[in-house]
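Undergrad: One point on numbering: in UniProt numbering, the residue at position 34 of the sequence shown is 34, and numbering is uninterrupted.
Note that the Cβ used here is the ideal one computed from N, Cα and C, for glycine as well.
Here the structure is a predicted model, which is why all the values come from computation and not from measurement.
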Amino acid sequence: MSDPQRSDDDLAKAWHTLSVRYHRLECDLDRALQSSHEISNSEFEVLELLAAADNAKMRMSELAGLVHLSQSALSRLVAGLEKDGLVERSMCAGDRRSVFTELTAEGRNRYDSAKPVQRAILRAEADGCTSGSLCGATELDTPAATSH
């Protein structure tokens, strides 16, 4: 059920605010991570997912479901991380069609050193907000918006 007090224009304005904030934050993260650790925000996200995974290893298909990249873009990104020695890819012994991506020691080091930079930017963004979540997120937080 939608909120009768909220017009479609209000929702569109809230979406625009959230979208602008997200893209600005994404650019800030990319710039800071690239200059300090020579990785993009998307690369950081992949390293973070692998760092949190059991044995720092995931199937590419599982990884693809967690990142906001196309399958081909993820493959190119992982190939670049592999070239830089941050991850290794290997075939799954039980299913030769599946490929595992595993965080290397160098990848873990890069992630660990980049994490405070990423968290500081997120903290600065969150501290600048008046709500308890990242700015703009609660503006769309209605039962209709969260039921999808």
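1) Is it buried or exposed for Q5, if we count other Cβ within 10 angstroms and need 16 for buried?
2) What does DSSP give as the partner residues of V87 in its beta bridges?
3) Could you check where the beta strand (DSSP E) with R59 kicks off and where it finishes?
4) For the alpha helix (DSSP H) that V20 lies in, which residues bound it at each end?
5) Closer than 7 angstroms by C-beta to residue 151: which residues in its own chain qualify, once you throw out the five before and the five after it? Chain order, please.
6) Which same chain residues end up closer than 8 angstroms to C92 when comparing Cβ atoms and leaving out the 5 residues on each side of it in sequence?
7) Would you identify the three-state DSSP class for Q5, choosing helix, strand or coil?
8) Counting only the same chain and skipping the five closest in sequence on each side, list residues whose C-beta sits under 8 angstroms from that of A64.
9) Just the Cα atoms here: how many angstroms apart are E102 and S35?
10) Report all residues from its chain with a CB closer than 6 angstroms to the CB of L49; omit the five preceding and five following residues, and keep chain order.
11) Tell me, please, whether the CB atom of E102 is closer than 8 angstroms to any CB atom in chain B?
12) Can you give the Cα-Cα distance for L47 and C27, rounded to whole angstroms?
TA: Checking against the coordinates, here is how it stands:
1) exposed
2) L103
3) K57 to R59
4) D8 to H37
5) Here the chain comprises residues numbered 1 to 148, so residue 151 is not present and cannot be evaluated.
6) R59, S98, V99 and F100
7) coil
8) Q71 and L74
9) 25 angstroms
10) L66
11) The structure shown contains no chain B, having only a single protein chain.
12) 18 angstroms
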